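Trainee: Protein chains in written order, with the numbering used here: chain A, -2 to 410; chain B, 1364 to 1611.
No residue lacks a Cβ here, since even glycine has one placed at the ideal position from N, Cα and C.
These figures come from a predicted structure and were not determined experimentally.
Before we start, here is the structure in question, set down as structure tokens.
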């Protein structure tokens, strides 16, 4: 019997029991649509996170004071927090071979007052390479100069949210002197707005000052909270990390056996970590969704057994007019595959529909802008899984049908 | 002139093991049926006629003895080989018609040819239509099985048995579910097919039917009790004409 006739028979059998076939498909529909949604959400979140960090220079790494927590356990010494100093910064600047930008950083809380308006957010002490490393730019005014950094000048750069909070609509913030933690500071520039992250965090709620000013006038500290560094290219990152490590170890006079009192986290590492975590999460969610696919498959098996029993006489007749084992087997297998693949198709449509609806709602009505997207490979996967489900769960009922004794089957009441 | 043998049985035995007992359903049956014969196989229930029918129809194989269908030895054949043999050489007509539900007459008749990949869709359709015309249902090609009377359904079943141009038509109590008048209509059809040269084996427990065939084989306790050629064959059409017409 040719494949076209087999499909026609399967269609007829499915059509003869529309409600039953639909309910059987429902298991597959729910399974496939949840897998599709989970995969869309997983890959979407990953793509979103990747896009967020895409603005940052890909060769970026962070030099952070203090050893790995795991290495020292509970023995965290207070001096660890002060391990990265001005001297380290100078050495890196002088000796590095693979860096294109270095930016020391200090953090402080900030209270900002302009007339009657006040606002608070983190104050970041940086140098002027901060913009390059983080993919930021100035829309109004200018970045502070080398001289202003050297002279611990009382100047600042504001993010758009801070400007909106402190100034009336028409006011020009450039040149205005505001009070930061009661110190008068002149606004020299405004950052180009970056909006919120996909996860709702405001990237414009930011104030930058020369790190020298923050260290001298605000926090009175002589160490850095962190140093940002960018390798000349992404490929050079690991060389640059080794280079900087060596410079700092020499500076700190560390022997091989000593605990290293600083650590370096590269963006690449962070990215691959995010990648790994998101992949595991996606896999986990999909597996949970996949369980419903399994349950759907068992539903198909169940209904195929019923179908075989109901059609015992038909099977007997087909055998008596010359159907071979393989003919009967393929007839029922194709019916099972058709149920599962049709269910899969509907599931893909429903799952894809829900995914894009969720994306539309998120984009337009919430602060969460996750780029949910249904990847072609996930659709392909769903179809393959459905076909395999159909074959797997249709196999035993089909085998049962094909192994019937035609004499018994013809006599079956 | 002696016609070529279509069915040759030599010492056919068939044993069934039921629990610890062995039941001898057939205890050495031998006969030959030649092309163009219309044979009735008679016997009471338990006589072994169903077992014999299953063996003749290649649905079952004998425990011992040899069966040749149209010259082909059947006993050593595999399940699938027998399926192909049935498809090419045998036409079945059952007591309860066994048509596919919700399926048109012509599709039902096409069924055996569906399992013969040598025959294309076009030829299949043509042969099915021709077969239906020969059983007098040329005007009901696209009627579904649930829209037909018992007599019509049995005609469709007969058309299905004819469509593969079989060596032999095996009818199992083919009139058993029909009223008297319709039974005779079907018998008229069988006599017509016989007249056209078909080999027909009609298994029944009804002695009246035997009068319309050319030869009667009687089984009893798994053995051949009687095998006789009918000298006086009745005409089913005459009998049908003499039956009172039912008023609707």
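Return the bridge partner residues of residue 225(A) from the DSSP annotation.
Mentor: Looking up residue 225(A) in the first chain gives position 228. BP columns for residue 225(A) point to 59(A) and 100(A).
Trainee: Here's a check: name, in chain order, each residue in its chain whose Cβ is nearer than 8 Å to the Cβ of residue 1422(B), leaving out the five neighbours to either side.
Mentor: As a first step, residue 1422(B) is located in the second chain; it is residue number 59 there, counting from the start. Cβ within range, chain order: 1445 and 1449.
Trainee: Using the Cβ count rule (16 or more neighbours within 10 Å means buried), how would you classify residue 1412(B)?
Mentor: Position 49 of the second chain, counting from 1, holds the residue named residue 1412(B). Buried, because 16 or more other Cβ atoms sit within 10 Å of the Cβ of residue 1412(B).
Trainee: Residue 1472(B) and residue 1531(B) - do their beta-carbons sit closer together than 8 Å?
Mentor: In the second chain, the residue the question calls residue 1531(B) occupies position 168. In the second chain, the residue the question calls residue 1472(B) occupies position 109. No, Cβ-Cβ distance for residue 1531(B) and residue 1472(B) is not below 8 Å.
Trainee: Quick one: what does DSSP say residue 1557(B) is sitting in, helix, strand or coil?
Mentor: For the purposes of this step, residue 1557(B) is taken as the residue at position 194 of the second chain. Reduced to three states, the DSSP call for residue 1557(B) is helix.
Trainee: Excluding five sequence neighbours on each side, which residues of the same chain lie with their C-beta closer than 7 Å to the C-beta of residue 329(A)?
Mentor: Taking the first residue of the first chain as position 1, residue 329(A) is located at position 332. Closer than 7 Å at Cβ, skipping near neighbours: 301, 305, 391, 394, 395 and 398.
Trainee: As an exercise, report each continuous beta strand (DSSP E) stretch of at least 3 residues that is fully enclosed by the segment 1374 to 1416 of chain B, in chain order.
Mentor: You should have 1384 to 1397 and 1401 to 1405.
Trainee: Using DSSP with H/G/I as helix, E/B as strand and the rest coil, what is residue 93(A)?
Mentor: Stepping through the first chain from its first residue, residue 93(A) is reached at position 96. Residue state, collapsed to three classes: coil.
Trainee: Is it the case that the Cβ atoms of residue 1424(B) and residue 1437(B) are separated by a distance below 8 Å?
Mentor: The residue given as residue 1424(B) occupies position 61 in the second chain. The residue given as residue 1437(B) occupies position 74 in the second chain. Against a cut-off of 8 Å, the Cβ pair of residue 1437(B) and residue 1424(B) comes out as a contact.
Trainee: Hey, is residue 1465(B)'s beta-carbon within less than 8 Å of any beta-carbon in chain A?
Mentor: In the second chain, counting from the first residue as 1, residue 1465(B) sits at position 102. It does: the Cβ of residue 1465(B) has a partner Cβ on chain A nearer than 8 Å.
Trainee: Within a Cβ cutoff of 6 Å, which residues of the same chain sit near residue 111(A), ignoring the five residues on either side of it in sequence?
Mentor: As a first step, residue 111(A) is located in the first chain; it is residue number 114 there, counting from the start. The residues are 163 and 175.
Trainee: Which residue comes first and which comes last in the beta strand (DSSP E) that contains residue 1590(B)?
Mentor: Indexing the second chain from 1 puts residue 1590(B) at position 227. It spans 1586 to 1592 - the beta strand (DSSP E) in which residue 1590(B) sits, taken as one unbroken run.
Trainee: Any beta carbon from chain B within less than 8 Å of residue 351(A)'s own beta carbon?
Mentor: Taking the first residue of the first chain as 1, we reach residue 351(A) at position 354. Not an interface residue.
Trainee: To which residues of the same chain is residue 289(A) closer than 8 Å at the C-beta, ignoring the five residues directly before and after it?
Mentor: In the first chain, the residue the question calls residue 289(A) occupies position 292. The answer, listed in chain order, is 24, 27, 28 and 31.
Trainee: Does the segment 1543 to 1560 of chain B come into contact with the segment 1588 to 1599 of chain B, if we say contact requires no fewer than three beta-carbon pairs (one atom in each stretch) closer than 8 Å?
Mentor: The segment 1543 to 1560 of chain B is in contact with the segment 1588 to 1599 of chain B.
Trainee: If you count every other CB in all the chains shown that lies within 10 Å of the CB of residue 273(A), and 16 or more means buried, which is it?
Mentor: On the first chain, position 276 is the one that residue 273(A) refers to. Exposed is the call here.
Trainee: Tell me whether residue 1475(B) is buried or exposed, calling it buried when 16 or more other Cβ atoms sit within 10 Å of its Cβ.
Mentor: The residue you call residue 1475(B) lines up with position 112 of the second chain. Classification of residue 1475(B): buried, given that the 10 Å Cβ count is 16 or more.
Trainee: May I have the straight-line CA-CA distance separating residue 371(A) from residue 357(A), to the nearest angstrom?
Mentor: For this step, residue 371(A) is matched to residue 374 along the first chain. For this step, residue 357(A) is matched to residue 360 along the first chain. Spanning the two alpha carbons is a distance of roughly 13 Å.
Trainee: Go ahead and pull the three-state DSSP assignment for residue 140(A).
Mentor: Taking the first chain and counting its residues from 1, one reaches residue 140(A) at position 143. Reduced to three states, the DSSP call for residue 140(A) is coil.
Trainee: At least one CB of chain B closer than 8 Å to the CB of residue 268(A): is that the case?
Mentor: As a working mapping, residue 268(A) is identified with position 271 in the first chain. So no, residue 268(A) is outside the interface.
Trainee: Is it buried or exposed, residue 1548(B), if we count other Cβ atoms within 10 angstroms and call 16 or more buried?
Mentor: Walking along the second chain from the start, residue 1548(B) turns up at place 185. Flag for residue 1548(B) reads buried.
Trainee: Whether or not the segment 144 to 159 of chain A and the segment 171 to 187 of chain A are in contact is what I'm after, with contact meaning three or more pairs of Cβ atoms, one per stretch, closer than 8 Å; do they touch?
Mentor: In short, these stretches touch, since the Cβ pair count reaches three.
Trainee: Drop a sphere of 10 angstroms on the beta-carbon of residue 189(A), count the other beta-carbons inside from all chains shown, and report buried for 16 or more, exposed for fewer.
Mentor: If you number the first chain from 1, residue 189(A) lands on position 192. Counting Cβ neighbours within 10 Å, residue 189(A) comes out exposed, since fewer than 16 surround it.
Trainee: Assuming the contact rule is C-beta atoms closer than 8 Å, residue 56(A) and residue 237(A) should be a hit. Round their C-beta distance to whole Å, please.
Mentor: One-based indexing of the first chain puts residue 56(A) at position 59. One-based indexing of the first chain puts residue 237(A) at position 240. Indeed they touch by this definition, with Cβ atoms about 7 Å apart.
Trainee: Identify the residues that DSSP records as bridge partners of residue 1535(B): which are they?
Mentor: Sequence index remark: in the second chain, residue 1535(B) carries index 172 (1-based). DSSP lists 1566(B) as partners of residue 1535(B).
Trainee: Span of the beta strand (DSSP E) holding residue 1455(B)?
Mentor: Your numbering for residue 1455(B) matches position 92 in the second chain. 1453 to 1456 is the extent of the beta strand (DSSP E) around residue 1455(B).
Trainee: Assuming residue 1478(B) and residue -2(A) are in contact, meaning their beta carbons sit under 8 Å apart, how far apart are those beta carbons, in whole angstroms?
Mentor: In the second chain, counting from the first residue as 1, residue 1478(B) sits at position 115. In the first chain, counting from the first residue as 1, residue -2(A) sits at position 1. Confirmed, Cβ separation roughly 6 Å.
Trainee: Got a sec, what are the start and stop residues for the beta strand (DSSP E) residue 1428(B) sits in?
Mentor: Walking along the second chain from the start, residue 1428(B) turns up at place 65. Per DSSP, residue 1428(B) belongs to the beta strand (DSSP E) from 1427 to 1432.
Trainee: So, for residue 1509(B): in the same chain, excluding its five sequence neighbours on each side, which residues have a beta-carbon less than 7 Å away from its beta-carbon?
Mentor: On the second chain, residue 1509(B) is found 146 positions in, with the first residue counted as 1. Same-chain partners within the cutoff: 1464 and 1465.
Trainee: Tell me the DSSP secondary structure of residue 1367(B) in three-state form.
Mentor: For this step, residue 1367(B) is matched to residue 4 along the second chain. Coil, per DSSP.
Trainee: For a test of the three-state rule: what should DSSP assign to residue 206(A), helix, strand or coil?
Mentor: In the first chain, residue 206(A) corresponds to position 209, counting from 1. Strand, per DSSP.
Trainee: Counting Cβ pairs, one atom from each stretch, are 3 or more of them under 8 Å apart for the segment 64 to 81 of chain A and the segment 249 to 266 of chain A?
Mentor: Result yes; three or more Cβ-Cβ pairs closer than 8 Å.
Trainee: Tell me, please, whether the segment 1490 to 1497 of chain B touches the segment 333 to 346 of chain A by the rule of three or more beta-carbon pairs shorter than 8 Å.
Mentor: At 8 Å Cβ cutoff, the stretches do not touch.
Trainee: Nearest by alpha-carbon distance to residue 58(A): which of 262(A), 184(A), 72(A) and 314(A) is it?
Mentor: The count along the first chain starts at 1 and reaches residue 58(A) at position 61. Among 262(A), 184(A), 72(A) and 314(A), the Cα nearest to that of residue 58(A) is on 262(A).
Trainee: Please name the residue in 1485(B), 1394(B), 1516(B) and 1388(B) whose C-alpha comes closest to that of residue 1377(B).
Mentor: Residue numbering aside, residue 1377(B) sits at position 14 when the second chain is read from its first letter. Closest option to residue 1377(B), Cα to Cα, is 1388(B).
Trainee: Between which two residues does the alpha helix (DSSP H) containing residue 260(A) stretch?
Mentor: For the purposes of this step, residue 260(A) is identified with residue 263 of the first chain, where counting begins at 1. Counting along the chain, residue 260(A) falls outside any alpha helix (DSSP H), though it belongs to the beta strand (DSSP E) covering 259 to 263.
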